[in-house]
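These notes concern the structure reproduced below.
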Ligand SMILES: [Zn+2]
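In the working numbering, the protein residues as written are -8 to 110.
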């Protein structure tokens, strides 16, 4: 049992490092969701390919896939949120107004689309 926990913690650390590496390699042009899924897929294949030689496929699967799912989930949660540029609180990436300070978040320059054609 102690061996298994040690193995899981090892897997968490290894997969964390590998997913960071893949996401860094993908650069900033890929959006955060795609990056999270790509990193997950690449590291799953890599870890299973490598570890199934030493511990067998199913043990490798049960060790690395749960660890990677944790990082995937955390990445997806992080991808949905951002920090408000005005007050620094965490808000949804799609937000137009900050729910904490009420300031308008300009999303890629389309904030000045107020129609002033009132007659
Ligand atoms: Zn704010």
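By construction, the Cβ of each residue, glycine as well, lies at the ideal position given by its N, Cα and C atoms.
In this structure, residue 94 has its beta carbon less than 8 Å from a heavy atom of ligand 1.
Under the three-state reduction of DSSP output, residue 81 falls in the strand class. By a beta-carbon distance limit of 8 Å, residue 13 does not contact residue 3. Their separation comes to about 16 Å. Counting the other Cβ atoms within 10 Å of the Cβ of residue 78 gives fewer than 16, which makes it exposed. Taking C-beta separations shorter than 6 Å and ignoring five residues to either side along the sequence, the partners of residue 24 in its chain run 70, following chain order.
Boundaries of the alpha helix (DSSP H) harbouring residue 68: 48 to 71, taken from the DSSP string. Rounded to whole angstroms, the Cβ separation of residue 21 and residue 59 is 18 Å, and the two are not in contact under 8 Å.
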